[in-house]
Amino acid sequence: MRYQITYAGINKVVEAADDLDSLLDISIRNQLPHLHECGGHGRCTTCRVRVLDGIQNLTPKSPLEKEASFLRKWDPSIRLACQTYPKGDVVLQRLIWSMAEVTSLQKELAPEGKAEERPITILFCDLRNFTPLSSKSMNFDLAYMLNRFYTAMGEPILMNNGIIYQYVGDEIIGVFGTTGGTREKNCTDAIRAALGMQYALAHLNQVELKDLDMELQSGIGINFGKAYVGHLGHPTHRQFSVIGDPVNVASRIQGKTKETGTKILISESVLNSLPENVLDTGQSFELELTGKEGLARLTEVRGFREMDTQLELQSSLHLMLDDQDKFASLFYDKVFSISPETRSLFKRNMTDQGRLLTHMLSGIVYTLARPDHLVEGIRALGRNHQAYGVTSAHYPVVRKAMLETIDQVLGNNKTQNTMTAWTESLDFILKEMQQSQS
Ligand code: HEM
Ligand code: FES
1 MRYQITYAGI NKVVEAADDL DSLLDISIRN QLPHLHECGG HGRCTTCRVR VLDGIQNLTP
61 KSPLEKEASF LRKWDPSIRL ACQTYPKGDV VLQRLIWSMA EVTSLQKELA PEGKAEERPI
121 TILFCDLRNF TPLSSKSMNF DLAYMLNRFY TAMGEPILMN NGIIYQYVGD EIIGVFGTTG
181 GTREKNCTDA IRAALGMQYA LAHLNQVELK DLDMELQSGI GINFGKAYVG HLGHPTHRQF
241 SVIGDPVNVA SRIQGKTKET GTKILISESV LNSLPENVLD TGQSFELELT GKEGLARLTE
301 VRGFREMDTQ LELQSSLHLM LDDQDKFASL FYDKVFSISP ETRSLFKRNM TDQGRLLTHM
361 LSGIVYTLAR PDHLVEGIRA LGRNHQAYGV TSAHYPVVRK AMLETIDQVL GNNKTQNTMT
421 AWTESLDFIL KEMQQSQS
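Residue numbers (our numbering): 1 to 438.
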């Protein structure tokens, strides 16, 4: 039997022919971008859709889906596309559009109307020199620049599985580990985010502010401890909230970056969460923090001692995919020039195909912070590729074309480490894809 799946919002109607394809399979088959971080295993919930009509035409919830909707208190119109098979006409809406939105899903798992104590890492980042900047140029658009700053500096938090908790004036607050993860991982994620923010700020200064004779600077303080996490406030307006002493301490640590002339300072609890010799640390300080007894030992962080693959990928991703269509067309031109016979494997629209490829590449970089989802997602991609007729002989072609494209597009914006990180990661992705085929 044939039936129609309508994608509301983009007014796209596609035909489905049997109940062997899930709603997610139908999106992929029709080149409609549809996030599926865990590759359709019912774990990540990024494929969720709202069913606007035809809910009776869908298969019942799988146990995994039942659990996800119970924990997240979804209303019955929300379904996991990878777990749902249509048996008749359906109208739906995809609910999550970008990887940047995915980390905020953690907020759904915070308790309602009360707060629960959870071990978390808190990052405070303060922007300096912003006010004088606004008076420096008559044409300077303060709101535009503040938005650019929030976006550029917020992205490293999201890429490292953190939640952007609040903006307070010129300050951004990020929290890591609200739904679990080891102390070591959450602190490493926060430090990587802080280092990513330094790259982002340098880029902002070089590109956006190059004509103004001044530089934006930032100070970042990071602390780890048990804080209370929940949705609090008036019952008609509850907000995701993180409260407790570790949050106040993180703010005070940030304040100390100014007087110590440092960019990133971490507390002893953060330092003790990481194995020795992982961080490239600078000066140490014994300082008094307002409202705290005794002296706090704070350590300056300058970087990781060894190349951090995630940081390299994260800080080059936006430069690389600044023009996604250009990246994809350069890449496919190279693939077809190295191996002309691969052209016949591609049956559908190449612009849409290019967008799916770059969407997936950027998704993979974001998902590095959630490694349990990552491998499942890549293996599912590999199985799809077997069905597209891709064989082991094609993988070296794509590897060569991809690395040449990255090298070309990044131009002078890369270092040896950037290329090493992309080479290692691409090798990992291609190996996992191929293994899932055998
Ligand atoms: C970094 C590795 C790769 C990534 C991230 C990637 C990504 C994608 C994505 C997102 C799609 C859309 C459909 C889907 O999601 O299943 C796709 C389709 C496809 N890919 Fe890949 N791919 C990779 C490697 C390869 C390789 C090695 C080949 C071999 C030539 C290849 C050939 C194809 C073909 C033929 C299609 C289907 C096109 C069509 O139906 O017109 N891909 N790829
Ligand atoms: S839950 Fe559907 S793709 Fe992860």
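We put the CB at the ideal spot given by N, CA and C, even for glycine.
Other residues of its chain near residue i: CB distance less than 6 Å, five sequence neighbours each side excluded
| i | result |
| --- | --- |
| K226 | E117 and P119 |
| A81 | L23, L24, C47 and V49 |
| A250 | I122, F124, G221 and N223 |
| T418 | E312 and S316 |
| W422 | I406 |
| I464 | It is not possible to answer for residue 464, since the shown part of the chain is limited to 1 through 438. |
| D53 | V91 |
| E271 | First, the amino acid is wrong: residue 271 is Leu here, not Glu. Cβ within range, chain order: T299. |
For residue i: DSSP bridge partner residues
| i | result |
| --- | --- |
| Q386 | Its beta-bridge partners do not exist; DSSP assigns none. |
| H231 | E112 and F240 |
| R48 | L80 |
| Y167 | I172 |
| G162 | F176 |
| C125 | I172 and I220 |
| G117 | Correcting the residue identity first, residue 117 is Glu in this sequence and not Gly. Answer is Y228. |
| Y3 | A16 |
| L265 | G221 and E300 |
| P86 | L58 |
Alpha helix (DSSP H) segment containing residue i, residue limits
| i | result |
| --- | --- |
| S315 | T309 to M320 |
| F346 | Neither: F346 is in no alpha helix (DSSP H) and is coded neither H nor E. |
| R29 | L23 to R29 |
| R355 | M350 to T367 |
| L92 | It is not in any alpha helix (DSSP H) - L92 instead sits in the beta strand (DSSP E) that spans V90 to R94. |
| H394 | H394 to L410 |
| P63 | P63 to L71 |
| G196 | R183 to V207 |
| A328 | Q324 to I338 |
| A100 | M99 to V102 |
| L430 | Q416 to Q437 |
CB of residue i within 8 Å of CB of residue j, strictly
| i | j | result |
| --- | --- | --- |
| N129 | A369 | no |
| S436 | R383 | yes |
| R50 | Q93 | yes |
| T103 | G180 | no |
| A193 | L274 | no |
| L58 | V90 | yes |
| H394 | T342 | yes |
| L216 | L127 | yes |
| K256 | L287 | yes |
| D352 | Q31 | yes |
| P86 | A16 | yes |
| M145 | L201 | no |
| L204 | R148 | yes |
| Y167 | V175 | no |
| H318 | E37 | no |
| R297 | E268 | yes |
Residue i, enclosing beta strand (DSSP E) - first and last residue
| i | result |
| --- | --- |
| S284 | L279 to E288 |
| A296 | L295 to F304 |
| K258 | Looking at the DSSP string, K258 is not in any beta strand (DSSP E); the run it does join, the alpha helix (DSSP H), is D245 to T260. |
| Q56 | Looking at the DSSP string, Q56 is not in any beta strand (DSSP E), and its letter there is neither H nor E. |
Nonlocal neighbours in the same chain, by C-beta distance under 7 Å from residue i, ignoring five residues either side
| i | result |
| --- | --- |
| S62 | G42 and Q83 |
| M320 | F327, I406, V409 and L410 |
| H359 | P33 |
Environment of residue i [buried if 16+ CB atoms lie within 10 Å]
| i | result |
| --- | --- |
| Q314 | buried |
| H237 | exposed |
| P246 | buried |
| F70 | exposed |
| K414 | buried |
| T151 | exposed |
| S440 | Outside the shown range of the chain (1 to 438) lies residue 440, about which nothing can therefore be said. |
| G261 | exposed |
| E306 | exposed |
| E101 | exposed |
| P388 | This sequence places Tyr at residue 388; Pro is not what is there. Label assigned to Y388: exposed. |
| E259 | exposed |
| T45 | buried |
Sequence-distant residues of its chain with Cβ nearer than 8 Å to residue i (five each side left out)
| i | result |
| --- | --- |
| H34 | L24, S27, I28, C47, A81 and R94 |
| G196 | E155, P156, M159, N160, L311, Q314 and S315 |
| R379 | G39, E432, M433, Q435 and S436 |
| G113 | G230, H231, L232, P235 and R238 |
| A115 | Y228, V229, G230, L232, S241 and I243 |
| I78 | R48, V49, R50, V51, S69 and L95 |
| K292 | V249 and R252 |
| F331 | G354, L357, A401, M402 and T405 |
| L426 | R399, M402 and L403 |
| N412 | none |
Residue i at chain D interface by Cβ criterion, 8 Å
| i | result |
| --- | --- |
| K258 | No chain D appears in the structure shown, which is made up of a single protein chain. |
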